[in-house]
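Q: Here's a structure for you.
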Amino acid sequence: KAGVTQTPRYLIKTRGQQVTLSCSPISGHRSVSWYQQTPGQGLQFLFEYFSETQRNKGNFPGRFSGRQFSNSRSEMNVSTLELGDSALYLCASSSAVTGTDTQYFGPGTRLTVL
Amino acid sequence: AQKVTQAQTEISVVEKEDVTLDCVYETRDTTYYLFWYKQPPSGELVFLIRRNSFDEQNEISGRYSWNFQKSTSSFNFTITASQVVDSAVYFCALSAYTASKLTFGTGTRLQVTL
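If you read the sequences in order, they're chains A and R.
Throughout the first sequence, residue numbering follows the working numbering, covering 1 to 114 in sequence.
Throughout the second sequence, residue numbering follows the working numbering, covering 1001 to 1114 in sequence.
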């Protein structure tokens, strides 16, 4: 089975712009979660989508949003970018219908905000 | 609230040495999952193990072993006869039994040299 894929792998944006990141889960996985990794804050949970519905949400401002499509692919959007949004954004998928199952991560999208 | 503490920021060993990575967690949940992930320089988080809270059996997989002690809220990871390819950042993580959100520790950077 192919693993989790994320596009693009690298992005450079300027403050105030918006960005959309894409994640394709492992085939058959219906849960997709997003995490932000920064040197200062470490790995932090952004949100989880299951069957096109947001099931869990972390403590991030409303500038961070996401969605999931009927084929389980997910996108994450960050509006009005700030310098502090520079990070590695990791997507993970799992087969969890209810509760927790192992999350498998993609290679990440490295976002740089100038 | 959940919390994971990895007190060792960085460990350096010489190849073939054994090394133990510590993980201490806090949770009010009676059932939960614990995980270890490896993050090589490429950035992708690689799943190593999942353990649920009602299974305190230690586990061994090749050179890797895990010691789960509920009484001390610890889930330590030992690499026997370390190799250069083991060099990476290792994360311990915790999730509730019914929610996919992972709470990560700050990670331990392991450097294995010849």
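Just so you know, even glycine gets a beta-carbon here, dropped at the ideal spot from N, CA and C.
On the criterion of 16 or more Cβ atoms from any shown chain inside 10 Å, does residue 114 of chain A qualify as buried, or is it exposed?
A: Exposed, because fewer than 16 other Cβ atoms sit within 10 Å of the Cβ of residue 114 of chain A.
Q: Just to confirm the assignment, what range does the beta strand (DSSP E) spanning residue 1100 of chain R have?
A: No beta strand (DSSP E) contains residue 1100 of chain R, which DSSP labels as neither H nor E.
Q: Ignore the nearest five residues each way along the sequence and tell me which others in residue 10 of chain A's own chain have a CB closer than 6 Å to its CB.
A: For residue 10 of chain A, where only same-chain residues beyond five positions count, the Cβ hits under 6 Å are 110.
Q: Give me, in chain order, the residues of the same chain whose beta-carbon lies closer than 7 Å to that of residue 78 of chain A; leave out the 5 immediate sequence neighbours on both sides.
A: These residues qualify, in order along the chain: 18, 19, 63, 64 and 85.
Q: Would you kindly report the start and end of the unbroken beta strand (DSSP E) that includes residue 1026 of chain R?
A: 1024–1026 is the extent of the beta strand (DSSP E) around residue 1026 of chain R.
Q: How should residue 1103 of chain R be labelled, buried or exposed, when 16 other C-beta atoms within 10 angstroms of its C-beta is the threshold for buried?
A: Buried, because 16 or more other Cβ atoms sit within 10 Å of the Cβ of residue 1103 of chain R.
Q: Taking beta-carbon pairs under 8 Å, can you tell me which members of the segment 66–89 of chain A lie near chain R?
A: Cβ contacts with chain R come from 88.
Q: Which stretch, first to last residue, makes up the beta strand (DSSP E) that contains residue 44 of chain A?
A: From DSSP, the beta strand (DSSP E) with residue 44 of chain A extends over 42–50.
Q: For the beta strand (DSSP E) holding residue 93 of chain A, just list the boundary residues, first then last.
A: Unbroken beta strand (DSSP E) run through residue 93 of chain A: 87–94.
Q: Buried or exposed: residue 1101 of chain R, going by 16 or more other Cβ atoms within 10 Å of its Cβ?
A: Result: buried.
Q: Identify the contact partners of residue 61 of chain A in chain R, using a Cβ-Cβ distance below 7 Å as the criterion.
A: Residues of chain R passing the Cβ test: none, with the nearest at roughly 18 Å.
Q: Which residues in chain A have a C-beta closer than 9 Å to the C-beta of residue 1044 of chain R? List them in chain order.
A: Residues of chain A passing the Cβ test: 3, 4, 90, 105, 106, 107 and 108.
Q: According to DSSP, is residue 1085 of chain R part of a helix, a strand, or is it coil?
A: In this structure, residue 1085 of chain R counts as helix in the three-state DSSP scheme.
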